[in-house]
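First up is the structure itself, then whatever we jot down about it.
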Amino acid sequence: MRPQLAFLALPLILAACASEAPPAPRPAPVVQAPAAPAPSPINAAPPGLDGRWAGEARLQPGQGASCRPARIPTAMTVNQGRAALAFGRGQRLEGTITSDGMINFANGVVSAQGNFQGNQMQGEASREGCVWRLSLRKRLR
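If you're matching positions, the sequence shown starts at 26 in the working numbering and goes up one per residue.
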């Protein structure tokens with residue numbers, strides 16, 4: 026073979042001597058993340074609380090002279106374990122009822138907590154250092 030042609034054939038000879046092409050990479054196995062736990066149902070409250078409630082907050086004895094009024098009308102609506110409490114005029118609080126019938130409310134000005142027992146809710150509300158006793162009853166339709 027002529028030297029000029031041998032030079033052109035060299036890449037073909039080297040390619041024929043090379044090993045086979047590496048195998049195609051295998052895809053990484055897909056790992057499934059464990060499923061997140063289901064959230065607790067919002068309605069963990071005892072049954073039969075849905076509806077409208079009405080009552081009052083009475084000032085506890087021994088409160089200072091600045092704690093007024095002595096009685097504050099209160100109303101509450103319960104729907105699927107959530108409660109909205111209207112404490113007097115303009116103060117609205119919301120809370121979630123627990124499975125044992127307890128509830129806590131707060132809105133930055135007024136805080137309240139209570140316990141549902143049958144068709145009654147008893148508790149306390151406080152505002153600016155003053156404490157009232159809450160007493161509400163479920164209204165019949």
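Glycine included, C-beta positions come from ideal geometry on N, C-alpha and C.
Would you identify the three-state DSSP class for Ser124, choosing helix, strand or coil?
-> coil
Using three-state DSSP, classify Ala173 as helix, strand or coil.
-> For the chain, the structure presents residues 26 to 166; residue 173 sits outside this window and is missing.
What residues in its chain sit with their C-beta under 8 Å from that of Leu110, if we drop five residues either side in the sequence?
-> Thr99, Ala100, Met101, Arg117, Leu118, Glu119, Gly120, Phe130, Ala137
Cβ pair Leu74, Gly148 closer than 9 Å | no
Bridge partners of Asn132, per DSSP?
-> DSSP, once it has assigned bridges, lists no residue as partnering Asn132.
Below 7 Å CB to CB, which residues in the same chain sit around Ala63 once its five sequence neighbours on both sides are set aside?
-> Residue placement at Ala63 is poorly supported in this model, since its pLDDT is 49, which falls under 50; the coordinates still yield a value, given next. Closer than 7 Å at the Cβ level, and outside the excluded window around Ala63, lies no residue.
Buried or exposed by the 16-neighbour rule on C-beta atoms within 10 Å, applied to Leu159 = buried
Pick out whichever of Asn140, Gly154, Arg51, Pro71 has its Cα sitting closest to the Cα of Gly106.
-> Pro71
Rounded separation between Thr123 and Ala79 - CA only = 20 Å
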